[in-house]
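Numbering (our numbering), first residue to last: 4 to 388.
We put the beta carbon where it would ideally sit given N, CA and C, even for glycine.
On a predicted model such as this, the values are computed, not experimentally measured, just so you know.
Here the structure is laid out as structure tokens; the discussion comes afterwards.
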């Protein structure tokens, strides 16, 4: 990313309603989000020549969306078989595609009927995985079960507690109250958090992200072209994708991970900050992947916003609220806005950096970090206005 710093920009964003039951096909959702991103940039469908997406066998191919919206010639179309770790990776891929001369204007999208259709963690072919065949007989097959082990390890190592997890859930819900897109806008208190149903210890219901039907799209092009488009460009200053050793073949191959009190973030931090020419102190706000509350703490530590073991105290005392030292997930995050596999974090980052977030706008910001991933691998970007 050294050579690409600020050379490419996000020039348009689009999204659909976020709901529990869209009543629509995934292709229809993807197409609407893409068309909205094109309109946001002030372009025509015929201006688009590239598509990048990712899915967990729950979406539609990029080339089918290109056909659906009437793109005359898609010069590049690619689909990654990836989960929430890929939300920033597809945007970085779009920049690389343009740099390589394979396309000029690329739409990145994620679309899913994640509540009414294919629900993550359901319908698993257990015979296809090496490790799951050994955990499944003991009833260990779901995402909350697997990720609870990471959280528990952090608690054992550093004393992280339920009040700190609750601070994250309560803060993000308060942010969601100001977001018309958010699926959950009813206020919650720390007492509400503590009294919410235990799902798998230490996770209560309010520690877990929403299941969502919907789509998001991001339009990427060169910074030079973006400056002549309808909206204020948001520049891609840097980014990274990767993780640590022994990632295995499946979610539960994380059993081989060397230290479950840390996730992918510590392994990509150096690449991320070097690519952007910045460090944690240069970040004004952040949209951090929050499929579960614990992932916020591990990413803050891994990316250097605080020392190892200090993530729990870091999120307390209003530090991550809109008026705090590092406002996080200003739209409500995956916990309260919706779960479009993390690409909605990029939408919110762009709105904040453009100054278009309305009543939830954080004033006087120039940079925003976006992350995606909670366990062995993930991606991140530094965006600026």
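(message) For the pair the region 335-347 and the region 229-248, tell me if three or more CB-CB distances fall below 8 Å.
(response) Short answer: they don't touch.
(request) Tell me, please, which residues DSSP counts as bridged to residue 13. (result) 223, 237
(request) Check whether the region 359-376 touches the region 285-295, counting contact only when three or more Cβ pairs, one atom from each stretch, lie closer than 8 Å. (result) The region 285-295 and the region 359-376 touch, with three or more beta-carbon pairs separated by less than 8 Å.
(request) Please list, in chain order, all residues of the same chain as residue 66 whose beta carbon is under 8 Å from its beta carbon, the five residues on each side excluded. (result) Same-chain partners within the cutoff: 54, 77, 80.
(message) Rounded to the nearest angstrom, what separates residue 268 and residue 113 at their Cα positions?
(response) About 22 Å.
(request) Give, in chain order, every unbroken run of the beta strand (DSSP E) that is at least 3 residues long and sits entirely within the region 15-71. (result) 53-58
(request) Compare the Cα-Cα distances from residue 100 to each of 169, 170, 145, 7 and report the closest residue. (result) 7
(message) Quick check: the Cα distance between residue 40 and residue 338, rounded to an integer number of angstroms?
(response) 24 Å
(request) In the DSSP assignment, find the alpha helix (DSSP H) that holds residue 357 and state where it starts and stops. (result) 346-357
(message) Can you tell me whether residue 52 is buried or exposed? The criterion is at least 16 other CB atoms within 10 Å of its CB, across all chains shown.
(response) Looking at its Cβ environment, which holds 16 or more other Cβ atoms inside 10 Å, residue 52 is buried.
(message) Just verifying my parser: in three-state terms, what is the DSSP assignment at residue 98?
(response) In the structure shown, residue 98 sits in a helix (DSSP, three-state: H, G or I).
(request) Compute the Euclidean distance between the alpha carbons of residue 383 and residue 305, then round it to the nearest angstrom. (result) 12 Å
(message) Would the region 58-72 count as touching the region 80-90 if we require 3 or more Cβ pairs under 8 Å?
(response) yes
(message) With distance defined between alpha-carbon atoms, name the residue in 162, 222, 105 nearest to residue 205.
(response) Checking every option, the nearest Cα to that of residue 205 belongs to 162.
(request) In the DSSP assignment, find the unbroken beta strand (DSSP E) run with residue 370 in it and report its ends. (result) Residue 370: member of the beta strand (DSSP E) spanning 370-375, first to last residue.
(request) For residue 302, I'd like the list of residues in its chain whose CB is within less than 6 Å of its CB, leaving aside the five on either flank, ordered along the chain. (result) 268, 291, 374
(request) With DSSP as the reference, please indicate the residues paired to residue 380 in a beta bridge. (result) DSSP, once it has assigned bridges, lists 246 as partnering residue 380.
(message) For the structure I just gave you, are there three or more beta carbon pairs, one from the region 163-172 and one from the region 190-209, closer than 8 Å?
(response) The answer is yes - the region 190-209 touches the region 163-172, with three or more Cβ pairs under 8 Å.
(request) Could you check the C-alpha separation between residue 366 and residue 317 for me, to the nearest Å? (result) 22 Å
(message) Which of the three DSSP states is assigned to residue 266 in this structure?
(response) Coil at residue 266, not helix or strand.
(message) Classify residue 363: buried if its beta carbon has 16 or more other beta carbons within 10 angstroms, exposed otherwise.
(response) buried
(message) With distance defined between alpha-carbon atoms, name the residue in 297, 251, 246 nearest to residue 273.
(response) When each option's Cα is compared against that of residue 273, the closest is 246.
(message) I believe residue 11 touches residue 212 by the beta-carbon criterion, under 8 Å. Please report the beta-carbon distance rounded to the nearest angstrom.
(response) Residue 11 to residue 212, Cβ: 29 Å. No contact.
(request) Indicate the three-state DSSP secondary structure (helix, strand or coil) for residue 7 in the structure shown. (result) helix
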